[in-house]
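Keeping their order, the protein sequence lines are chains A and B.
With the first letter of the first sequence counted as 1, position 98 gets the number 109 in my numbering; the numbers rise by one all the way through.
With the first letter of the second sequence counted as 1, position 347 gets the number 358 in my numbering; the numbers rise by one all the way through.
No residue lacks a Cβ here, since even glycine has one placed at the ideal position from N, Cα and C.
Since this is a predicted model, take the numbers as computed values, not measurements.
Number of protein chains: 2
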Amino acid sequence: MKPRPRYHEPIVAVSAEPFLVTCLSAVYMEKVCAAEQAFVTLATNDSYARGAMVLGKSLRNHKTSKKLVVLVGPHVSDQSRAVLHKIFDEVRLVDVLDSGDTAHLAMMKRPDLGVTFTKLHCWTLTHYSKCVFMDADTLVVSNIDELFDREELSAAPDPGWPDCFNSGVFVFRPSNETYGKLLQYCTEHGSFDGAKAIFLQPPLGQCARYATFMAPRHSEPILMSLAVSLSVSIEEPIRLLRCEGGDQGVLNGFFSDWATADINKHLPFIYNMSSIAIYTYLPAFKQYGANAKVVHFLGQMKPWSYTYNLTQRTLRGDVQASSQPGFLLQWWALYSAEVLPMLVREYGDQPFISGCEEDAAASEEHVQPLMSSAERKQRWEQGQADYMGIDSFDNIQKKLDVFLK
Amino acid sequence: MKPRPRYHEPIVAVSAEPFLVTCLSAVYMEKVCAAEQAFVTLATNDSYARGAMVLGKSLRNHKTSKKLVVLVGPHVSDQSRAVLHKIFDEVRLVDVLDSGDTAHLAMMKRPDLGVTFTKLHCWTLTHYSKCVFMDADTLVVSNIDELFDREELSAAPDPGWPDCFNSGVFVFRPSNETYGKLLQYCTEHGSFDGAKAIFLQPPLGQCARYATFMAPRHSEPILMSLAVSLSVSIEEPIRLLRCEGGDQGVLNGFFSDWATADINKHLPFIYNMSSIAIYTYLPAFKQYGANAKVVHFLGQMKPWSYTYNLTQRTLRGDVQASSQPGFLLQWWALYSAEVLPMLVREYGDQPFISGCEEDAAASEEHVQPLMSSAERKQRWEQGQADYMGIDSFDNIQKKLDVFLK
Numbered sequence: 012m013k014p015r016p017r018y019h020e021p022i023v024a025v026s027a028e029p030f031l032v033t034c035l036s037a038v039y040m041e042k043v044c045a046a047e048q049a050f051v052t053l054a055t056n057d058s059y060a061r062g063a064m065v066l067g068k069s070l071r072n073h074k075t076s077k078k079l080v081v082l083v084g085p086h087v088s089d090q091s092r093a094v095l096h097k098i099f100d101e102v103r104l105v106d107v108l109d110s111g112d113t114a115h116l117a118m119m120k121r122p123d124l125g126v127t128f129t130k131l132h133c134w135t136l137t138h139y140s141k142c143v144f145m146d147a148d149t150l151v152v153s154n155i156d157e158l159f160d161r162e163e164l165s166a167a168p169d170p171g172w173p174d175c176f177n178s179g180v181f182v183f184r185p186s187n188e189t190y191g192k193l194l195q196y197c198t199e200h201g202s203f204d205g206a207k208a209i210f211l212q213p214p215l216g217q218c219a220r221y222a223t224f225m226a227p228r229h230s231e232p233i234l235m236s237l238a239v240s241l242s243v244s245i246e247e248p249i250r251l252l253r254c255e256g257g258d259q260g261v262l263n264g265f266f267s268d269w270a271t272a273d274i275n276k277h278l279p280f281i282y283n284m285s286s287i288a289i290y291t292y293l294p295a296f297k298q299y300g301a302n303a304k305v306v307h308f309l310g311q312m313k314p315w316s317y318t319y320n321l322t323q324r325t326l327r328g329d330v331q332a333s334s335q336p337g338f339l340l341q342w343w344a345l346y347s348a349e350v351l352p353m354l355v356r357e358y359g360d361q362p363f364i365s366g367c368e369e370d371a372a373a374s375e376e377h378v379q380p381l382m383s384s385a386e387r388k389q390r391w392e393q394g395q396a397d398y399m400g401i402d403s404f405d406n407i408q409k410k411l412d413v414f415l416k
Numbered sequence: 012m013k014p015r016p017r018y019h020e021p022i023v024a025v026s027a028e029p030f031l032v033t034c035l036s037a038v039y040m041e042k043v044c045a046a047e048q049a050f051v052t053l054a055t056n057d058s059y060a061r062g063a064m065v066l067g068k069s070l071r072n073h074k075t076s077k078k079l080v081v082l083v084g085p086h087v088s089d090q091s092r093a094v095l096h097k098i099f100d101e102v103r104l105v106d107v108l109d110s111g112d113t114a115h116l117a118m119m120k121r122p123d124l125g126v127t128f129t130k131l132h133c134w135t136l137t138h139y140s141k142c143v144f145m146d147a148d149t150l151v152v153s154n155i156d157e158l159f160d161r162e163e164l165s166a167a168p169d170p171g172w173p174d175c176f177n178s179g180v181f182v183f184r185p186s187n188e189t190y191g192k193l194l195q196y197c198t199e200h201g202s203f204d205g206a207k208a209i210f211l212q213p214p215l216g217q218c219a220r221y222a223t224f225m226a227p228r229h230s231e232p233i234l235m236s237l238a239v240s241l242s243v244s245i246e247e248p249i250r251l252l253r254c255e256g257g258d259q260g261v262l263n264g265f266f267s268d269w270a271t272a273d274i275n276k277h278l279p280f281i282y283n284m285s286s287i288a289i290y291t292y293l294p295a296f297k298q299y300g301a302n303a304k305v306v307h308f309l310g311q312m313k314p315w316s317y318t319y320n321l322t323q324r325t326l327r328g329d330v331q332a333s334s335q336p337g338f339l340l341q342w343w344a345l346y347s348a349e350v351l352p353m354l355v356r357e358y359g360d361q362p363f364i365s366g367c368e369e370d371a372a373a374s375e376e377h378v379q380p381l382m383s384s385a386e387r388k389q390r391w392e393q394g395q396a397d398y399m400g401i402d403s404f405d406n407i408q409k410k411l412d413v414f415l416k
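Below, the structure written as structure tokens:
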């Protein structure tokens, strides 16, 4: 696939002097893109990057006329970034800890809100007049450019507490002023949902549970102590799945009149259809689900947590427990056909987690190479925890028992 | 407690001639009550009647200035009706099958929507200018008379599919014209959620699942075949809990612009707070739950499905799996203190299901008297299924196996 041109390329060709490049680039961005609009997503690691790639492809396939922007965290590999460059118009590195600005200061005060600060960074994309943010675990199944007719802050209700909007899809106006206010709100008020720790309830795994904790994210010892601090985890057979940032709490706190002020800022639920709706209200899903324009793989295993058999075009693992096998397969069909070849090209001979297997490989599924603690941590953070093996509930329970003694 | 006066009582004293009574009564109702407003609920059996009693008491305790009306089905006992008369201003018998009117005709065409037709009957209360309908499984924890400032049809979002409103609490204007249109809509379109069959997922029972079926309600063989028709029920260890009417589907179909038309018709979620919200989005529940004005015991066991220990003021059974133990205990405290004494007075020496036990009785909990099939059916229909015994999942599974052979 031919890479799409990026904005600053013609400017780079004019001069190699860094300062001038920056200035010209800024002027160019300001003039050319001011009236432009963009879909924006966020990839904090290679797993979410795969989600962002599929999302970007799904937007292109449904012929969006808008620009595509992805914010990437420092943990995304060079190869993933290269692929993202081919799908998105703009790939912007966001490293809050390295920024030295107010966001960094805010982060020092509230380390628990790391991903939140990274996401809020989307308000700094002031070379666009209006944007639609979409989480990397969403999939577009229809053209949704009409969302740009809406005003900030438009979003769909969250099924868990429907007077809150879900922050997986929202319309916003980039603005440094709003960005500053959001950072200030963050540091002063935090997020009412801190970070979400999401549990799976075996053996069915259909019931995601949320809990709050305030601690730096992605830290295994903290996940353990978190589990200890929640009475549910001791009495009930659950397993920790992953943690998510608290951006939804911050944004709902900041845009606090969403529920009561303006019906036009309520996006229909089909623009952010939680895939668990099939369990929470099947008749409504049957009635309205076919009209879905955006599917959000919320609160359960992500599409990339499964393994896809390329030969049989089926998913391995507890798919019965999954949110919506049809949408999951749609995600994998797009990934395997249009994203995987690009990843293969970038990685070349180097091994990488593709999430796919072919029939021959399927028989080797129980061969488990030993992992270092660091590798295991990395896999956990990427949503690739070995739920049946070393990260199984039994093993976690053993660790919890140590805490409790 | 002193019985509250009913409207037609002075009229009855004027004349014993039935026709004249009817006319005068109608004139009286028209003149005196035209500008009046009322809370309306519905009791289809003695269990729901107990719910209605607690709801009525909770409204009185929070000093509502509105009238209280309860619609009762023909299966509600005389004793229950007598107690309802003491709490409510108006107790209106609704027997759709006996009515011989358009509702009866509609019912013949759509027998699956039995309870729906009974509920829609509330639109015929034209001697009130505006009403708020509340399901009998709701509990008022604050004065909510301000709901009468809203217009038809105002309701809170349903957490399962938040572009639908939940029909457990809604503001409406009684009108024979609207009633006729609703009946017509029912017979022509049915309800997209037919009747809901609600399952419990053992062993935790925290995950309610909904499914649609179109068949006369409250029929055990149909419940069985329904379970067979749902693939989930065969592969997964669930148990049928109860069925609910399809009024929510009808009302959402009829008032189909609710999600998009007028923000003032979106009641805040705290006016119909699903008690399962604690599981679906705990941080939001912690943030906003304390402001709850109405709790709705939705989608799981009803308060009256438990047994309450009067001595210890605790609930017996799988309360951990319940929606919200605090609100449940609040319901039982009100029931045991203010409703139970009235029931005891009405039933006198006759035995009835109080739902309560004292410490001495607690030791006898495993003594299970044999029940006839009819008694068992009645208990099932009243939400008093013997989940651990004869109605256990294992026993239902055995019956299902017979169907599958």
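Looking at the DSSP output, A54 (chain B) sits in a beta bridge with B:V83. Bounds of the alpha helix (DSSP H) holding C197 (chain B) are 187-200.
In the three-state DSSP reduction, K68 (chain B) falls in the helix class (H, G or I).
When rounded, the separation of the alpha-carbon atoms in D160 (chain B) and G337 (chain A) is 44 Å. Bounds of the beta strand (DSSP E) holding G179 (chain A) are 176-183.
Within the stretch 112-171 of chain B, the runs of alpha helix (DSSP H) at least 4 residues long that lie entirely inside it are, in chain order, 113-120, 125-131. W315 (chain B) sits away from G67 (chain B), with the two beta carbons spaced by 8 Å or more. Neighbours of Q48 (chain A) across chain B, judged by C-beta separation under 7 Å, do not exist; the nearest C-beta is about 23 Å away.
Out of B:E163, B:E162, B:N177, the CA that lies nearest to the CA of D169 (chain B) is found in B:N177. One alpha carbon belongs to P279 (chain A), the other to Y59 (chain A), and they sit about 25 Å apart. With 16 or more other Cβ atoms from the protein chains shown falling within 10 Å of its own Cβ, A147 (chain A) counts as buried.
Between the beta-carbon of T127 (chain B) and that of S186 (chain B) there is about 18 Å, and that puts the pair past the 8 Å contact cut. Counting along the chain, R327 (chain A) sits inside the beta strand (DSSP E) bounded by residues 325-327.
If you draw a straight line from the Cα of H86 (chain B) to the Cα of N56 (chain B), it is about 5 Å long.
Between Y292 (chain B) and Q90 (chain B), the C-beta gap is not smaller than 8 Å, which leaves the two residues out of contact. When only Cα atoms are considered, L131 (chain B) and N275 (chain B) end up about 23 Å apart.
Listed by position along chain B, the residues whose Cβ is nearer than 8 Å to that of P173 (chain A) are A167, P168, D169, P170, P173, F280. Nearest to S267 (chain A) by C-alpha distance, out of A:V151, A:A166, A:K74, A:S76, is A:A166.
If you check the CB distance, F296 (chain A) and W172 (chain B) come in under 8 Å. The contact set of T271 (chain A) on chain B, defined by CB atoms closer than 8 Å, consists of I274, H277, P279 in chain order.
For V350 (chain B), there is no enclosing alpha helix (DSSP H), as DSSP marks it with neither H nor E. Between the alpha carbons of Q323 (chain B) and L340 (chain B) lies a distance of about 11 Å.
With the criterion set as a beta carbon lying under 8 Å from some beta carbon of chain A, the stretch 83-96 of chain B has no members that meet it. Closer than 8 Å to the CB of Y292 (chain A) there is at least one CB belonging to chain B. As the crow flies, the alpha-carbon of T271 (chain A) is around 33 Å from that of H115 (chain A).
Of all residues in the stretch 294-328 of chain A, the ones placed with a Cβ closer than 8 Å to any Cβ belonging to chain B are P294, A295, F296, K297, Q298, Y299, in chain order. Around L194 (chain B), the same chain offers T113, A114, A117, F128, L131 as residues with beta carbons nearer than 8 Å, after the five sequence neighbours per side are excluded.
Of A:I287, A:G300, A:A301, the smallest CA-CA separation from L309 (chain A) is found for A:I287.
Among the bridge pairs identified by DSSP, E101 (chain B) is matched with B:V80.
Within the model, the alpha-carbon separation for A344 (chain A) versus S153 (chain A) is close to 16 Å.
For V51 (chain A), the closest C-alpha among the options A:T75, A:K192, A:V80 is that of A:V80.
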